[in-house]
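Numbered per mature numbering (1 follows the signal peptide of the UniProt record, and there is no 0), the sequence shown spans residues -17 to -1, 1 to 259.
Glycine residues also receive a C-beta, built at the ideal position from the N, C-alpha and C atoms.
Predicted model, so just to flag it, every value in this text is computed and none were measured.
Written out below as structure tokens is the structure these notes cover.
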Amino acid sequence: MLIVLLLFSFSVQLTSQKNDQSNEDYKLIIFSEICYDQFFGDQELKNECISDTISRTISILMVAFAIMNQLPQILKIFKYQSTQGISFNAYYTELYLFSFITAYNIYKQTKFILYGENVIVGLEYCVVLSLFLFYDKDLSFHQWLFKAAFFITINTPLYVGLGPQWIFDMTIYINMSLLFMARFLQIRLNCRNRNTGQLSLLTQLQNYAGSVARLFTLFNDNADFSYMIYILEDNIMGTILLIQIFKTWRAERKRKRNNHDNITELTGKEIKYDQI
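As structure tokens, then:
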């Protein structure tokens, strides 16, 4: 049963690819036919083609490298065999976010490259949530299984055409609330523990860089304004998490330096005592 969420998320990815309604043909993956002629032909190269090509390149790279997003976090959990400092509820809540944002973009017939990283990262979140079964003693298998079944029950109607239209119209606003809730849960846990535990700095940096890049591509493609606000919120909450991680890192360095100074001072006193 540990792979239930993975199988469901994989089906989501297949559904989203089938619903990509872009009919424009591209050459060398990143060039539209018009821009290809401008770049490599005799036509005048226009700024619109440059920005469109850059935007598409960034989008494709984001989807391609999304598989690396949670890899540092997964490896860190394996290395220390601990999920200390990582909020299960934050990850679980954000998994709803990735699923809903995928459903929303399918409904809006958005190009897959403008949201594809959400599908891939959602798969990785399933892996992280599964690791809690092995490394979080406070989480029982029955609790995990109930949450997995509840997730599938809530999300399945969105992908089989049973969800009412008003849900799709409200999805982006639901996602804004889910994003705030997920990041707030992690931020609150960090404040309560006064450290960020096994939270991966590299993963958070990738999240932040990805949200900044995605904001650029959305502006360039004149995407839905509500989606832009959602990504902007992601930037703000990601900044807070990064600040917390850097503060924890600085505090840890200071603690180690103080411990080293204390040991050095104690060793000096012992040597002086022995010399007497």
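Per DSSP, which one or two residues make a beta bridge with residue i?
i: Phe14; result: Lys10
Quick one: is residue i buried, meaning 16 or more other Cβ sit within 10 Å of its Cβ, or exposed?
i: Arg240; result: exposed
i: Tyr108; result: buried
i: Glu77; result: buried
i: Asn242; result: exposed
i: residue 266; result: With the chain running from -17 to 259 in the structure shown, residue 266 is simply not present.
i: Phe83; result: buried
i: Asp69; result: Per the sequence presented here, residue 69 reads as Ile, with Asp not at that position. Buried is the call here.
i: Trp232; result: exposed
i: Leu80; result: buried
i: Asp8; result: exposed
i: Ser123; result: exposed
i: Glu16; result: exposed
i: Asp217; result: buried
i: Trp149; result: exposed
i: Arg39; result: buried
i: Phe95; result: buried
i: Gln187; result: buried
i: Leu172; result: buried
i: Tyr63; result: exposed
Does any CB atom of chain C fall closer than 7 angstroms to the CB of residue i?
i: Glu235; result: The structure shown contains no chain C; it is built from a single protein chain.
Cα-Cα, which of the options is closest to residue i?
i: Ala234; options: Leu172, Gly180, Ile69 and Asn190; result: Gly180
i: Tyr142; options: Cys174, Tyr191, Ser160 and Tyr87; result: Tyr87
i: Leu114; options: Ile33, Phe229, Ile60 and Ser42; result: Ile60
i: Met220; options: Trp232, Lys120, Cys174 and Phe167; result: Phe167
i: Ile228; options: Ser209, Cys174, Ala192 and Gly193; result: Cys174
i: Asn176; options: Lys230, Thr136, Gln148 and Phe129; result: Lys230
i: Ala196; options: Met45, Glu16, Lys62 and Asp121; result: Met45
i: Asn158; options: Ala132, Leu215, Gly193 and Phe23; result: Leu215
i: Tyr98; options: Gln126, Tyr74 and Ala47; result: Ala47
i: Gln169; options: Ile37, Tyr74, Asp35 and Ser34; result: Tyr74
i: Arg194; options: Phe208, Thr222, Leu54 and Ser34; result: Here residue 194 is Ser; the residue named in the question, Arg, does not match the sequence. Checking every option, the nearest Cα to that of Ser194 belongs to Thr222.
i: Thr36; options: Cys18, Thr66 and Pro147; result: Cys18
i: Phe202; options: Asn30, Ser34 and Ile13; result: Ser34
My understanding is that residue i touches residue j, with C-beta atoms under 8 angstroms, so please give their C-beta distance in whole angstroms.
i: Leu28; j: Gln21; result: 5 angstroms
i: Ile155; j: Tyr213; result: 6 angstroms
i: Leu112; j: Phe71; result: 7 angstroms
i: Gln189; j: Asn101; result: The pair is not a contact, with the Cβ atoms about 14 angstroms apart (cut-off 8 angstroms).
i: Thr200; j: Ser42; result: 5 angstroms
i: Leu161; j: Tyr191; result: The Cβ separation is near 18 angstroms, so there is no contact.
i: Ile103; j: Ala49; result: 4 angstroms
i: Gln56; j: Ser183; result: 4 angstroms
i: Asp119; j: Thr66; result: 5 angstroms
What runs of the alpha helix (DSSP H), each 4 residues or longer, lie entirely inside the segment 102 to 172?
-> Listed in chain order, the complete alpha helix (DSSP H) runs (minimum 4 residues) inside the segment 102 to 172 are 124 to 142.
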